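Report on the structure given below.
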């Protein structure tokens with residue numbers, strides 16, 4: 235799976251948990267390799283889960 239999203243290109247899934255999926259991605263300009271966690275789509279309308287996800291991202 236390779237998908238270009240804005241400034242990152244997403245590659246394979248490297249992890250999965252109760253809140254989301256973690257992908258290996260590369261910044262298109264800097265070529266820096268990063269891990270990006272994406273919230274499960276069935277949780278995006280649950281404000282408490284979105285708040286928890288955002289809180290974890292900041293820590």
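Residue numbers (our numbering): 235 to 293. Where is the CB? At the ideal position from N, CA and C, for every residue including glycine. Nothing here was measured: the structure is a model prediction, and the numbers come from that model.
- In this structure, DSSP gives residue 278 a state outside helix and strand, which the three-state scheme calls coil.
- Closest in C-alpha terms to residue 240, from the list 275, 277, 291 and 261, comes 261.
- Cβ neighbours of residue 291 within its own chain (closer than 8 Å, five residues either side excluded): 271.
- Around residue 259, the same chain offers 242, 244, 268 and 270 as residues with beta carbons nearer than 6 Å, after the five sequence neighbours per side are excluded.
- Our two residues, residue 284 and residue 265, have alpha carbons roughly 29 Å apart in a direct line.
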